[in-house]
Amino acid sequence: MKKLLILASMLILIGVGKSMAGQADLFSYDAVTIENQMAQLDQLEGYVLDNPGITLGQMATDGNALASMVSDPNGINGFNLINEKVLGIPSFLWGCVFSWVGVLVVYLMGQDKAETKSAIIGCVVGAVAYSAFYGVYYFALSGLR
Amino acid sequence: MNFSHRSFTFLLLAICLPLAICKGQQYTRIHADFSNKIKTASGGQSLTMGQVFYDRNIKQLIYYVTFPEKETWVTSDTVVYQIKDDKLISKTATFSMAEFTVFHLALNSHLQDFGLKNTRYIAGDVQREGDLVITTWAPPEKASEKLGNILVSVKSKQLFGVIFQDPQGVIIRKQFFEDYQLINGLAFPGKIIEINISNGIESYQVTSYKNVVVDEMENDSKYFYNTSGLRL
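Below, the structure written as structure tokens:
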């Protein structure tokens, strides 16, 4: 019986260990793939660093082959990227997670009444949740006194 | 009476000073040369280079872009301004990003938790695996149908990686902070790698920071852009 218990404990520990071990693996990436993907851009960056002040327009005018590397079909650029992250979050969450700032963002960004309403609901939900928490907290403290 | 007043002051200092030191030094300004490279899954490529300036008291994040074209991008409050030859090209509303940028977080010594302590995300499970300390941040319950967990890993007391999951636990974005530089005691990543994953297909972004300067006394005008007169 004792041996059985020890064996069961060991199996449980191994199981727990295995279930917890996976997360570190998530924090990995294929560095070689990224290096290969960025190879052309690295080349272009090197050229720009060697020619301070040069612009893409000038390179295109000069017929520089490197200029064609960044003629992307989707209009992706660093400036678009700044906004992309913001738009990735649903309006309800802007309100719920980021409170009134989120509502303002959704209103200013989209001018979409439905979206703004959703953000306001999110904001109210967040506020109510907070109030409820502090209400319970306050009464719990009062009860202890 | 005098003695007790002195004793009180001493006691106050004895308590507050170590606390202030433990809280970590706070910095005000940072500027750096940056390059941002994007490679999308569809093959689109982009290179953006220039200088970035940030003062945490002013809270304007200003990019002086030199490539592909000379432009200035200013993030102020909830608006991003795109300016060329002192003329406003576009004005886009956005979330108050400055406070969630690597610049603000680093200056405030909040980079380790990716600023999540200042949101309604809730820190849950903390695990040590090898040289990583991994914290799982869960969204507020009311938002859990739309937002997934965020996993933050710290290596040698420095932010290493951030993983964003969708509500089903599928990884949608990974960020890695590497090549830390120590400038006047401030640790700042020299390279940020971002992998966006959509339907299993990856897009990549690599941002590098060089010549990082912290708390400089010069270049005051570079840290503030007067946007009040800008009209489309």
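Here the protein sequences come in this chain order: A and B.
For what it's worth, the working numbering labels the leading residue of the first sequence as 144, then goes sequentially.
For what it's worth, the working numbering labels the leading residue of the second sequence as 2, then goes sequentially.
Even glycine gets a Cβ: it sits at the ideal position worked out from N, Cα and C.
Residue pairing by DSSP puts B/Pro190 in a beta bridge opposite B/Tyr181. Annotated three-state conformation of A/Tyr190 is helix, per DSSP. The beta carbon of B/Ala42 sits closer than 6 Å to those of Ile202 and Ser204, all from its chain and outside the five residues before and after it, given in chain order. Neighbours of A/Val191 in chain B, taken as residues whose beta carbon is under 7 Å from its own, are Met50 and Phe68 in chain order. In this structure, DSSP gives B/Ser209 an extended state, which the three-state scheme calls strand. Our two residues, B/Leu233 and B/His32, have alpha carbons roughly 28 Å apart in a direct line. Under the Cβ criterion of 9 Å, B/Gly162 is counted among the residues facing chain A.
Contact of A/Gly200 with chain B by beta-carbon distance below 7 Å involves Glu70. When 9 Å is used as the limit between beta carbons, A/Val213 is near these residues of chain B: Gly45, Gln46, Ser47, Leu48 and Pro69, in chain order. Per DSSP, reduced to three states, the secondary structure at A/Gly200 is helical. Nearest in C-alpha terms to B/Leu106, of all of B/Val80, B/Leu160, B/Lys85 and B/Ile39, is B/Leu160.
Chain-ordered, the chain B residues with CB closer than 8 Å to the CB of A/Gly196 read Thr67. For A/Thr176, no beta strand (DSSP E) encloses it; the enclosing alpha helix (DSSP H) starts and ends at Ala174 to Gln180.
Distance from the CA atom of B/Asp216 to the CA atom of B/Ser36, rounded to whole angstroms, is 21 Å. When secondary structure is reduced to three states using DSSP, A/Met212 falls in the helix class. Contact between B/Ala94 and B/Thr73 is absent: CB atoms are separated by about 18 Å, not below the 8 Å threshold.
Taking the CA atoms as reference points, B/Ile39 sits about 23 Å from B/Tyr55. Interface criterion met: the Cβ of A/Asp185 is under 9 Å from a Cβ in chain B.
In the structure shown, B/Lys60 adopts coil according to DSSP, grouped into three states. In the three-state DSSP reduction, B/Gln27 falls in the coil class, being neither helix nor strand. Counting of Cβ neighbours within 10 angstroms places A/Thr176 among the exposed residues, the total staying below 16. Inclusion of B/Val53 and B/Phe189 in the CB contact set at 9 Å is not warranted, their separation being larger than that value.
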